[in-house]
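Reviewing the structure listed below.
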Amino acid sequence: MNNSSRRNFLLHTSIAAATTSLGIGCSTTYRTNQITNHRPVIISTWSFGKPANELALQTLQDGGSALDAVEQGIRLVESSGNSSVGLSGNPNAAGVPQLDACIMNGPGHRAGSVAGIEGVVHPITAARLVMEKTPHVMLVGRGARWFSEQQGLKTNDNAEDKKRYEAWLKKQKQNSLNKEINSDNHDTVTLIVIDKNGDIAGGCSTSGLSGKIPGRVGDSPIIGSGLYVDNEVGAAGATGLGENVMRYCASYQVVENMRQGMSPTKACAEAIKRIARIDPLGMNLGINFIAINKRGEFGAAGTQANFPYSITTKDFSEVRKGQALSAAYQKEGGNEK
Ligand code: GLY
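For the sequence shown, the working numbering gives the first residue as -15, with consecutive numbering after it.
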């Protein structure tokens, strides 16, 4: 691809990715999620989070911490062949999957993250090691890779990159008129655990926006944007178009909404509505959030119709739909008559 067609392709990809379908109407999750005092509870984005939640629960039941549970759950998705998480994720414009991940532990308010890392099989573990073994919070690019190698993490510079890139490019051209953000073309596993004592941990892992300019970093490794954990209040995490999350520190906002007394679903919905009120895209943001509070109540909301999230307790494990926000909410609140 020459420079001009690559530019056009990137422009087209970002516009198409930002143009997601709008959801009309609400699911019943806001009401039914006020049910659980049955900690531990594990929540994650998308239906592919369900097996990750179940492994996280097993990790807790085997005596692991909430942090161990987050790491193990996310590692499962990273090695599952997912097209938007791990080295099987869609490539950037140079044909290489560049990965972002973060982890945060409520006790001690500690965090670690890696961004734009290449060839590391489990970026979530790299993020945990940044948190635990360094005085830093975030490492990027070659430095993050170097650190991961020093720590003995598994790497794989996939010789098939070029072939995969060509196959992916062909698919993009075929589907270019029918793109929306979904778990096939652009998404993040964000997984949050509250253990039986009420301690909270969370993590995110993604290959980010497919076809992104090399070096582009999304919301997922940015603490407060893709993920935020406050052990006094709760935690929230995002999936969707990172550019529309990270300009608003949106996961932090969801947690702050819960601190003000909102339920998890309402906290997610109000954060989105607040963004939509001032953003030129309105509700056409392609962003979705999950949240959990200190009592183990959980919820989700998104600009997409019926954003699926996974929820697991010792009593059930299922995929639910988040509250779908529609254009009808755009004018709600702020500066009314
Ligand atoms: N939410 C993932 C990204 O935009 O990179």
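Cβ atoms here follow ideal geometry from the backbone N, Cα and C, with glycine treated the same way. Computed from a predicted model, the values in this text were never measured in an experiment.
- When DSSP states are grouped into helix, strand and coil, S194 belongs to the coil group.
- For the 8 Å CB-CB criterion, A285 and T249 form a contact.
- CA-to-CA, the gap between K138 and V173 works out to about 20 Å.
- Of all C-beta pairs linking the stretch 195 to 212 to the stretch 88 to 95, three or more are shorter than 8 Å, placing the two stretches in contact.
- By the Cβ neighbour-count rule, D84 is buried, with 16 or more other Cβ atoms within 10 Å of its own.
- Burial is judged here by how many other beta carbons sit within 10 angstroms of a residue's own beta carbon; Q288 has at least 16 and is buried.
- Within the chosen limit of 7 Å, the ligand GLY reaches the beta carbon of G226 through at least one heavy atom.
- Listed as beta-bridge partners of N89 by DSSP are R94 and A185.
- Judged by the Cβ position, D299 fails to qualify as a neighbour of the ligand GLY at the 7 Å threshold, every heavy atom of the ligand being at least this far.
- Taking non-hydrogen atoms of the ligand GLY into account, the C-beta of T190 is found less than 7 Å away from one of them.
- Comparing alpha carbon positions, the residue from R59, C86, T297 and Y293 closest to G280 is T297.
- In the structure shown, M267 falls within a coil segment according to DSSP collapsed to helix, strand and coil.
- Distance check between E227 and each of A251, V201 and Y236 places V201 closest, using alpha-carbon atoms only.
- R258 and L269 have their C-alpha atoms some 12 Å from each other.
- At least one heavy atom of the ligand GLY lies closer than 7 Å to the C-beta of L193.
- Nearest Cα to Y232 within the set N215, V303 and C252: C252.
- According to the DSSP assignment, R231 belongs to no alpha helix (DSSP H), since it is labelled neither H nor E.
- The nearest non-hydrogen atom of the ligand GLY is less than 7 Å from the C-beta of G202.
- Distance from the CA atom of G199 to the CA atom of G306, rounded to whole angstroms, is 31 Å.
- Take A40, set aside five residues on each side of it, and the residues of its chain with a beta-carbon closer than 7 Å to its own are I26, A53, V54, Q56, G57, L175 and V177, in chain order.
- Nearest neighbour of S194 by Cα position, chosen from I108, D171 and F131, turns out to be D171.
- C-alpha of S63 to C-alpha of S28: approximately 16 Å in a straight line.
- For S63, no pairing in a beta bridge is given by DSSP.
- N76 counts as buried, since no fewer than 16 other beta carbons sit within 10 angstroms of its beta carbon.
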